[in-house]
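Report on one structure; see the data block that follows.
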Amino acid sequence: MTFDWAFVVATLPAFGKSVWVTLQLGAIVIVTALAVALINVALLGLHKPWLNGVIRGYVELARNTPLLIQLFFLYFGLPALGLSLSGFTTAVIAMTFLGGGYLTEALRAGVQAVPPSQLEAGQAIGLSRWQLLRHVQLPQAWLASLPALFANFIFLLKETTVASAVAVPELLYTTKNYIALYYKTYEMLAVLTLMCVLIFLPLSLALRALERRLQHGQFGH
(Lines of atoms letter the chains of each structure in order from A and count residues from 1; the text may use other names and numbers.)
(Lines give C-alpha, C1' and ligand atoms only; values in the text may rest on other atoms or scores of the structure.)
Protein backbone atom coordinates (compact mmCIF):
# COMPACT_ATOMS: atom_id res chain seq x y z
CA MET A 1 0.00 0.00 0.00
CA THR A 2 1.37 3.41 -1.04
CA PHE A 3 1.16 6.24 1.43
CA ASP A 4 -0.54 9.20 -0.30
CA TRP A 5 1.55 12.19 0.70
CA ALA A 6 -0.22 14.50 -1.73
CA PHE A 7 -3.56 13.76 -0.09
CA VAL A 8 -2.10 14.40 3.36
CA VAL A 9 -0.79 17.80 2.26
CA ALA A 10 -4.16 18.67 0.72
CA THR A 11 -5.95 17.98 4.03
CA LEU A 12 -3.64 20.10 6.19
CA PRO A 13 -5.72 23.33 5.92
CA ALA A 14 -8.79 21.49 7.21
CA PHE A 15 -6.77 19.98 10.03
CA GLY A 16 -5.43 23.42 10.83
CA LYS A 17 -9.00 24.62 11.42
CA SER A 18 -9.64 21.55 13.57
CA VAL A 19 -6.60 22.31 15.70
CA TRP A 20 -7.99 25.80 16.32
CA VAL A 21 -11.38 24.35 17.36
CA THR A 22 -9.63 21.86 19.65
CA LEU A 23 -7.52 24.55 21.33
CA GLN A 24 -10.45 26.94 21.60
CA LEU A 25 -12.69 24.31 23.19
CA GLY A 26 -9.93 23.15 25.52
CA ALA A 27 -9.06 26.67 26.67
CA ILE A 28 -12.68 27.58 27.39
CA VAL A 29 -13.28 24.38 29.31
CA ILE A 30 -10.12 24.74 31.40
CA VAL A 31 -11.11 28.27 32.44
CA THR A 32 -14.74 27.40 33.22
CA ALA A 33 -13.87 24.17 35.03
CA LEU A 34 -11.27 25.98 37.14
CA ALA A 35 -13.87 28.64 38.00
CA VAL A 36 -16.29 25.91 39.12
CA ALA A 37 -13.55 24.33 41.25
CA LEU A 38 -12.66 27.63 42.92
CA ILE A 39 -16.31 28.28 43.77
CA ASN A 40 -16.70 24.77 45.17
CA VAL A 41 -13.58 25.06 47.32
CA ALA A 42 -14.74 28.43 48.62
CA LEU A 43 -18.13 26.96 49.52
CA LEU A 44 -16.48 24.00 51.22
CA GLY A 45 -14.64 26.53 53.37
CA LEU A 46 -17.99 27.53 54.89
CA HIS A 47 -18.11 24.13 56.62
CA LYS A 48 -21.85 23.70 56.11
CA PRO A 49 -22.67 19.95 56.26
CA TRP A 50 -25.53 20.12 53.77
CA LEU A 51 -23.48 22.24 51.33
CA ASN A 52 -20.50 19.92 51.65
CA GLY A 53 -22.82 17.01 50.86
CA VAL A 54 -24.11 18.71 47.71
CA ILE A 55 -20.60 19.46 46.47
CA ARG A 56 -19.37 15.96 47.27
CA GLY A 57 -22.35 14.54 45.40
CA TYR A 58 -21.54 16.72 42.38
CA VAL A 59 -17.88 15.66 42.42
CA GLU A 60 -18.75 11.96 42.57
CA LEU A 61 -21.36 12.30 39.82
CA ALA A 62 -19.00 14.26 37.57
CA ARG A 63 -16.07 11.86 38.02
CA ASN A 64 -18.04 8.63 37.76
CA THR A 65 -20.18 9.44 34.71
CA PRO A 66 -18.59 8.92 31.28
CA LEU A 67 -18.22 12.13 29.30
CA LEU A 68 -19.87 10.54 26.27
CA ILE A 69 -23.03 9.85 28.28
CA GLN A 70 -23.06 13.42 29.56
CA LEU A 71 -22.75 14.71 26.00
CA PHE A 72 -25.55 12.48 24.72
CA PHE A 73 -27.82 13.45 27.61
CA LEU A 74 -27.39 17.16 26.86
CA TYR A 75 -27.38 16.93 23.07
CA PHE A 76 -30.19 14.42 22.55
CA GLY A 77 -32.08 14.53 25.85
CA LEU A 78 -32.59 18.26 26.38
CA PRO A 79 -34.41 18.84 23.04
CA ALA A 80 -37.19 16.64 24.44
CA LEU A 81 -37.59 19.30 27.14
CA GLY A 82 -37.63 22.08 24.56
CA LEU A 83 -33.98 23.12 24.94
CA SER A 84 -31.63 22.60 22.00
CA LEU A 85 -27.91 23.31 22.24
CA SER A 86 -25.23 23.44 19.57
CA GLY A 87 -22.57 20.76 19.61
CA PHE A 88 -19.90 23.22 20.76
CA THR A 89 -22.04 24.57 23.61
CA THR A 90 -22.94 21.04 24.64
CA ALA A 91 -19.27 20.08 24.73
CA VAL A 92 -18.37 23.13 26.84
CA ILE A 93 -21.10 22.41 29.39
CA ALA A 94 -20.41 18.67 29.64
CA MET A 95 -16.64 19.06 29.85
CA THR A 96 -16.95 21.87 32.39
CA PHE A 97 -19.15 19.60 34.50
CA LEU A 98 -16.56 16.82 34.24
CA GLY A 99 -13.50 19.01 34.70
CA GLY A 100 -15.02 20.93 37.58
CA GLY A 101 -15.27 17.70 39.55
CA TYR A 102 -11.65 16.72 38.99
CA LEU A 103 -10.26 20.20 39.62
CA THR A 104 -12.36 20.58 42.77
CA GLU A 105 -10.70 17.50 44.23
CA ALA A 106 -7.24 18.73 43.22
CA LEU A 107 -7.75 22.11 44.88
CA ARG A 108 -9.46 20.63 47.92
CA ALA A 109 -6.45 18.41 48.54
CA GLY A 110 -4.20 21.44 48.26
CA VAL A 111 -6.29 23.41 50.76
CA GLN A 112 -6.18 20.54 53.22
CA ALA A 113 -2.39 20.44 52.89
CA VAL A 114 -2.06 23.93 54.39
CA PRO A 115 -0.71 23.53 57.97
CA PRO A 116 -3.36 24.27 60.64
CA SER A 117 -0.84 26.45 62.47
CA GLN A 118 -0.98 28.96 59.62
CA LEU A 119 -4.76 29.17 59.86
CA GLU A 120 -4.50 29.65 63.60
CA ALA A 121 -1.94 32.42 63.08
CA GLY A 122 -4.26 34.11 60.59
CA GLN A 123 -7.16 33.92 62.99
CA ALA A 124 -4.96 35.33 65.75
CA ILE A 125 -4.30 38.51 63.75
CA GLY A 126 -7.99 38.93 63.01
CA LEU A 127 -8.38 37.57 59.48
CA SER A 128 -11.91 36.58 58.52
CA ARG A 129 -12.77 33.19 57.02
CA TRP A 130 -12.75 34.65 53.49
CA GLN A 131 -9.48 36.48 54.09
CA LEU A 132 -7.90 33.25 55.31
CA LEU A 133 -9.10 31.47 52.18
CA ARG A 134 -7.91 34.22 49.84
CA HIS A 135 -4.59 35.18 51.43
CA VAL A 136 -3.47 32.01 53.22
CA GLN A 137 -5.13 28.85 51.93
CA LEU A 138 -5.63 29.38 48.18
CA PRO A 139 -2.12 30.70 47.37
CA GLN A 140 -0.52 27.71 49.09
CA ALA A 141 -3.15 25.28 47.82
CA TRP A 142 -2.49 26.47 44.27
CA LEU A 143 1.21 25.65 44.53
CA ALA A 144 0.58 22.30 46.20
CA SER A 145 -2.03 21.40 43.59
CA LEU A 146 -0.04 22.41 40.50
CA PRO A 147 0.95 18.87 39.39
CA ALA A 148 -2.65 17.61 39.67
CA LEU A 149 -4.12 20.75 38.11
CA PHE A 150 -1.78 20.74 35.13
CA ALA A 151 -2.31 17.00 34.60
CA ASN A 152 -6.05 17.62 34.53
CA PHE A 153 -5.61 20.51 32.08
CA ILE A 154 -3.92 18.10 29.65
CA PHE A 155 -6.62 15.51 30.36
CA LEU A 156 -9.39 17.97 29.51
CA LEU A 157 -7.67 19.05 26.31
CA LYS A 158 -7.35 15.42 25.21
CA GLU A 159 -11.01 14.81 26.08
CA THR A 160 -12.01 17.28 23.36
CA THR A 161 -11.82 14.34 20.94
CA VAL A 162 -15.01 12.97 22.53
CA ALA A 163 -16.82 16.10 21.31
CA SER A 164 -16.72 14.62 17.82
CA ALA A 165 -19.72 12.54 18.92
CA VAL A 166 -21.87 15.70 18.85
CA ALA A 167 -20.47 17.02 15.56
CA VAL A 168 -17.88 19.45 16.95
CA PRO A 169 -15.37 19.81 14.08
CA GLU A 170 -12.25 19.07 16.11
CA LEU A 171 -9.39 16.75 15.14
CA LEU A 172 -11.09 13.37 15.49
CA TYR A 173 -14.25 14.58 13.74
CA THR A 174 -12.22 15.79 10.75
CA THR A 175 -10.25 12.55 10.68
CA LYS A 176 -13.38 10.39 10.63
CA ASN A 177 -14.95 12.52 7.91
CA TYR A 178 -11.97 12.17 5.58
CA ILE A 179 -11.78 8.44 6.22
CA ALA A 180 -15.48 8.05 5.45
CA LEU A 181 -15.23 10.11 2.25
CA TYR A 182 -11.90 8.95 0.79
CA TYR A 183 -11.01 5.73 2.65
CA LYS A 184 -7.53 7.08 3.38
CA THR A 185 -7.42 5.47 6.81
CA TYR A 186 -3.66 5.20 7.34
CA GLU A 187 -2.95 8.68 6.06
CA MET A 188 -5.61 10.29 8.23
CA LEU A 189 -4.63 8.37 11.36
CA ALA A 190 -1.02 9.40 10.78
CA VAL A 191 -2.04 13.06 10.51
CA LEU A 192 -4.22 12.76 13.62
CA THR A 193 -1.35 11.24 15.60
CA LEU A 194 1.08 13.90 14.41
CA MET A 195 -1.31 16.72 15.30
CA CYS A 196 -1.88 15.32 18.77
CA VAL A 197 1.85 14.99 19.40
CA LEU A 198 2.46 18.54 18.17
CA ILE A 199 -0.25 19.90 20.48
CA PHE A 200 0.06 17.83 23.64
CA LEU A 201 3.81 17.23 23.93
CA PRO A 202 4.94 20.89 23.81
CA LEU A 203 2.06 21.88 26.11
CA SER A 204 2.97 19.15 28.59
CA LEU A 205 6.63 20.22 28.60
CA ALA A 206 5.68 23.89 28.96
CA LEU A 207 3.38 23.19 31.91
CA ARG A 208 6.07 21.06 33.56
CA ALA A 209 8.58 23.88 33.21
CA LEU A 210 6.03 26.39 34.54
CA GLU A 211 5.28 24.11 37.48
CA ARG A 212 8.96 23.92 38.42
CA ARG A 213 9.37 27.67 38.06
CA LEU A 214 6.35 28.51 40.21
CA GLN A 215 7.12 25.97 42.92
CA HIS A 216 10.81 26.83 43.14
CA GLY A 217 10.11 30.55 42.93
CA GLN A 218 8.65 30.54 46.41
CA PHE A 219 12.08 29.56 47.77
CA GLY A 220 13.93 32.25 45.87
CA HIS A 221 15.46 30.03 43.18
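In the numbering used here, the protein residues as written are 23 to 243. Ideal Cβ placement from N, Cα and C applies to all residues, glycine included. Only a predicted model underlies this, so the values are computations on that prediction, with no experimental measurement involved.
Proximity winner among the options, relative to residue i (alpha-carbon distances)
i, options, result
"residue 36", "214, 163 and 178", "214"
"residue 184", "91, 82 and 132", "91"
"residue 27", "128, 212 and 61", "212"
"residue 122", "171, 152, 156 and 146", "171"
"residue 22", "29, 43 and 30", "The first residue shown for the chain is 23 and the last is 243, placing residue 22 beyond what the model contains."
"residue 34", "193, 227 and 219", "193"
"residue 48", "69, 222, 235 and 72", "222"
"residue 59", "174, 217, 206 and 218", "174"
"residue 210", "198, 73 and 146", "198"
"residue 31", "93, 216 and 134", "216"
"residue 52", "204, 203, 178 and 205", "178"
Inter-residue Cα distance where the pair is residue i and residue j
i, j, result
"residue 132", "residue 113", "28 Å"
"residue 24", "residue 230", "39 Å"
"residue 76", "residue 130", "15 Å"
"residue 137", "residue 102", "50 Å"
"residue 46", "residue 110", "10 Å"
"residue 65", "residue 180", "29 Å"
"residue 86", "residue 80", "10 Å"
"residue 38", "residue 100", "32 Å"
"residue 78", "residue 152", "21 Å"
"residue 190", "residue 154", "42 Å"
"residue 106", "residue 50", "20 Å"
"residue 201", "residue 235", "43 Å"
"residue 232", "residue 161", "16 Å"
"residue 149", "residue 67", "14 Å"
"residue 71", "residue 63", "14 Å"
"residue 158", "residue 219", "38 Å"
"residue 225", "residue 176", "8 Å"
"residue 126", "residue 29", "44 Å"
"residue 156", "residue 82", "26 Å"
Cβ neighbour criterion (16 or more within 10 Å) applied to residue i
i, result
"residue 97", "buried"
"residue 163", "buried"
"residue 40", "buried"
"residue 61", "exposed"
"residue 95", "exposed"
"residue 11", "With the chain running from 23 to 243 in the structure shown, residue 11 is simply not present."
"residue 55", "buried"
"residue 124", "buried"
"residue 144", "buried"
"residue 84", "buried"
"residue 207", "exposed"
"residue 128", "buried"
"residue 188", "buried"
"residue 140", "exposed"
"residue 227", "exposed"
"residue 93", "buried"
"residue 89", "buried"
Residue i at chain B interface by Cβ criterion, 9 Å
i, result
"residue 106", "Any reference to chain B falls outside this structure, which holds one protein chain only."
At what residue ranges does the stretch 145-198 contain a whole run of the alpha helix (DSSP H), taking only runs of 4 or more? 151-154 and 160-180
Every unbroken alpha helix (DSSP H) within the stretch 83-130, with a cutoff of 4 residues, ordered by chain: 89-94
Evaluate the contact criterion for the stretch 148-167 versus the stretch 103-121: three or more CB pairs, one atom per stretch, below 8 Å. no
Extract the residue ranges of the beta strand (DSSP E) inside the stretch 45-83, only unbroken runs of 3 or more that lie entirely within it. none
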